[in-house]
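Quick notes on the structure that follows.
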Amino acid sequence: MQVALTDPNAEPLRESQRQLNRGQAEQLRLLVDYVESFMRDTEVIEPEFMSRARGRAIAESAAIMNAAEAMGASEGHVYTQYHQACFARQHLPQVWRSVRAGDVPVRSLVRVVSAAERLVSPTHRERLDAQAAAYALTHRPARLTAWLNRFVARAEPAQHEQRCRRGHAERRVWLEHLEDGVSILHAMLPTLTAEAIKNRLVDVARSPKQDVPYDPCVERPDAGRSASSQGGPGSCHPGTVQGGFDWLGLPSEGPDAGLHHGSALTRVSSEESVAASGVGGRLEHAGPPMSREAGDPRSQAQREADLLSSWLLTGETGSGIPINGHVGILIEPETLLTSSGATGVAPGVGMPALSRNRRHAYPVEMIRRIILSDEHRITWTPVPFEAASSAPADAVAATSDAPANAVAATTGDPPDAAFQSQPPPLPEPPTPPLPEPLARVYEGRFVPKLLRRAIEFRDGTCQAPGCMVAAEHCDIDHQIPWPHGATTASNLWALCRKHHRLKTAGFLDVPTDRPPPASP
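Counting from 1, position 220 in the sequence shown corresponds to residue 220 in UniProt numbering; the numbering is continuous, with no gaps.
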């Protein structure tokens, strides 16, 4: 059953979308029928040719070529659509029926197929089919994608960890040049590292006291006044950048170019110890070799990716104000145990941890390495088990494989009163009253930092329907405006700036069917 619309007058739009969905689903059905009919006809005409696998592959390619001509699309696109539709019809019958009825869009079907292809067990595929068919009815594709990632990681944690390791081995950096003097620098990195980099960049730019240097090639506000000395507006002078910034900060030669300009960070696990120092000096370490001369086995692409992570996460911020990259992780207490069977899966595997916004799952061994490392500051925040096990507030009830209790860890936060160097004791199953600070009523309008962090973990994302802005990038808003409404967790929710403005203007109401914020 689909959710009620905020404005009932928009119902004709939803019905028109259902008609479009049915049309796209019918096109997929016609595509599958055409290719199968072409293959049958070819088998009648050329039985010997079609008896070989190569012959069947050639015939299929011919059918795809003809279909692509009729659809006005590329053969690669039509080939992908055909195989996704075949997979869904065979392995995801409930989702396929919902798509044919127009209740679920084809773009959601594509995401469910991608998730199902990662599952090994037929039983897990059947369970995914049943649950995804219901979930996709009430959630938009972005929320569906996050839910699918959680489902796959928790259903088969060992396979998820293997895929993560293979993905980590593909880390690299590459450049894509666009028009008009701009390019895109891509970096394929572990998700946890990428999240920390993004959060560090956001924190530096958001700080009111933080100096953020101009890019050497962009025009500065004083360019007009200094045009005569700079050679004209918009001129690039790499060697004379404000503050003596060296162009790109790199020496001209050497395989380790630029390493001495920043500090180096290394991850330390329980099996190895690495001490690094990279500000104006050389690296001294014990453990795996870190230079080609010492026998570093990493490829050039892997070394480039690791070096970029080190620069961005530990480089200078320009004014001496320490700002650290931070990430939030939801962890089951059993995950913190090393090689025990407490999780119900193979020893040493454990259930994956979840990102604060529930979009990503992290292998348990990677989380243990981070927690055991002396280089990370960990702040522990107890959260209600519903918040740890469920999706954000507009999600359906958590599935049976959700954790029974959990704690939240934030890496990179400055030390404060809540800082602990060791994980907290395994909590008992939560019962009312809620853990502090979610149960407290605070004086004044402004939300204390500790309460804000707890709400970020509780809500995960902006609580407007369908919005996926991470809660740490949202405003914490009073549902009933202060002072009529108290500054307490039950009256607070995360709203991105756009939806916060819409609520203030009267266009976004607190849904009457929204679960109580303190127990999402």
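Note that beta-carbon positions come from the ideal geometry of N, C-alpha and C, so glycine has one too. The structure presented is a predicted model; accordingly, all values stated were derived computationally and were not measured.
With 16 or more neighbouring CB atoms inside 10 Å of its own CB, His360 falls in the buried class. Residue pairing for Ser355: DSSP places it in a beta bridge opposite Ile329. Excluding five sequence positions before and after Val510, the CB atoms of its chain that fall closer than 6 Å to its own CB belong to Gln479, given in chain order. With respect to the C-alpha of Pro122, the residue from Arg40, Leu148, Arg150, Gln90 having the closest C-alpha is Gln90.
Here DSSP, grouped into helix, strand and coil, assigns Ala136 to helix.
Gln94 places its beta carbon less than 9 Å from that of Ala132. Put simply, of Met50, Pro382, Ile329, Pro157 the residue whose alpha carbon is nearest the alpha carbon of Ile371 is Ile329. Here Arg111 carries a helix assignment [DSSP, helix/strand/coil]. Each residue's CA atom was taken as its position, placing Asn491 and Pro483 some 11 Å apart.
Here DSSP, grouped into helix, strand and coil, assigns His478 to strand. In this structure, the beta-carbon distance from Glu117 to Ser355 does not fall below 9 Å.
The three-state secondary structure of Met50, taken from DSSP, is helix. If you look at Ser98, you'll find it in the alpha helix (DSSP H) that goes 93-101. Classified as buried, Pro437 has 16 or more neighbouring CB atoms from the shown chains inside 10 Å of its CB. Taking 9 Å as the cut-off, the Cβ atoms of Pro352 and Glu161 count as close.
In the structure shown, the three-state DSSP call for Met468 is coil. CA-to-CA, the gap between Ala88 and Val110 works out to about 9 Å. Nearest C-alpha to Ala153 among Ile455, Thr42, Arg358, Leu502: Arg358.
Val364: member of the alpha helix (DSSP H) spanning 364-372, first to last residue. Classified as buried, Ile197 has 16 or more neighbouring CB atoms from the shown chains inside 10 Å of its CB.
Apart from sequence neighbours up to five positions away, the residues of its chain that approach Val469 with a beta-carbon distance below 7 Å are Thr461, Cys462, Cys496, ordered along the chain.
Around Leu508, the same chain offers Ala464, His499, Leu502 as residues with beta carbons nearer than 7 Å, after the five sequence neighbours per side are excluded. The segment 56-71 makes no contact with the segment 97-104, as fewer than three CB pairs between them are under 8 Å.
Going by beta carbons, Leu175 and Leu185 fall inside the 9 Å limit. Excluding its 5 nearest sequence neighbours in each direction, Arg150 has C-beta neighbours in its own chain below 7 Å: Leu354, Arg358, Ala361, listed in chain order.
Cys164 is not a Cβ neighbour of Pro288, given a cutoff of 9 Å.
In terms of CA proximity to Glu472, Arg458 leads the group Gly506, Leu148, Arg458.
Taking the C-beta atoms as reference points, Arg127 is found no nearer than 9 Å to Ala85. Excluding residues up to 5 positions away in sequence, His473 lie with their Cβ nearer than 8 Å to the Cβ of Val202 in the same chain. Under the DSSP assignment, Leu185 falls in the beta strand (DSSP E) whose first and last residues are 183-188.
The bridge partners DSSP lists for Tyr442 are Thr487. Burial check for Asn21: the Cβ neighbour count within 10 Å reaches 16 or more, so the residue is buried. Residue pairing by DSSP places Val173 opposite Ala187 in a beta bridge.
For Thr504, the uninterrupted alpha helix (DSSP H) segment begins and ends at 497-504.
A straight-line Cα-Cα distance of about 37 Å links Tyr135 and Arg445.
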